[in-house]
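Participant: The structure is given below, and queries will be raised subsequently.
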Amino acid sequence: MKDMWEFQDHLAAAMKARELVSSDKPEVYPSDEFAAEAIGVPVEFLTTLYKSGSNFTATRPQSIGWKPEWDKERSLKNVDVEIEDVIELGKAKSSLIDSLFAAVGRPR
-3 MKDMWEFQDH LAAAMKAREL VSSDKPEVYP SDEFAAEAIG VPVEFLTTLY
47 KSGSNFTATR PQSIGWKPEW DKERSLKNVD VEIEDVIELG KAKSSLIDSL
97 FAAVGRPR
């Protein structure tokens, strides 16, 4: 999706409608440290895990003929389903995140 802000606007509105957040406007974290704490990852890995989306464009999939099955509209319509799934399943436990904290010598 070319306009990530449009997706974030849609996500924020859907979360606000469920009273999961207090505002229907997406916000940028004030610092990497704040974001890492809020997300629950070591700050050393924040960029790699969560901020790399705009740093590269994949070309291999198109070069071998792959085409996405979902367009922008379908992605936006599916936000509600994704939110419901997260609510139903709860927070996942991640051994990856545990190993990242171990790598920097800090407990989770």
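For the sequence shown, position 73 matches number 69 in the working numbering, and the numbering has no gaps at all. C-beta atoms are modelled at their ideal positions from N, C-alpha and C, and glycine is treated no differently.
1) Quick one: what does DSSP say residue 27 is sitting in, helix, strand or coil?
2) Given residue 75, which residues of its chain have a CB within under 6 angstroms of its CB, disregarding the five upstream and five downstream residues?
3) Does DSSP put residue 57 in a helix, a strand or coil?
4) How many Å lie between residue 27 and residue 92 at the Cα?
Facilitator: In short, the structure shows the following:
1) Locating residue 27 in the sequence shown gives position 31, counting from the first residue. It is coil, neither helix nor strand.
2) For the purposes of this step, residue 75 is taken as the residue at position 79 of the sequence shown. By the criterion of a C-beta distance shorter than 6 angstroms, residue 75 is surrounded in its chain by 6, 7 and 10, once the five residues flanking it on both sides are discounted.
3) Start at 1 with the first residue of the sequence shown, and residue 57 comes out as number 61. Reduced to three states, the DSSP call for residue 57 is helix.
4) The count along the sequence shown starts at 1 and reaches residue 27 at position 31. The count along the sequence shown starts at 1 and reaches residue 92 at position 96. One Cα belongs to residue 27, the other to residue 92, and the distance between them is close to 23 angstroms.
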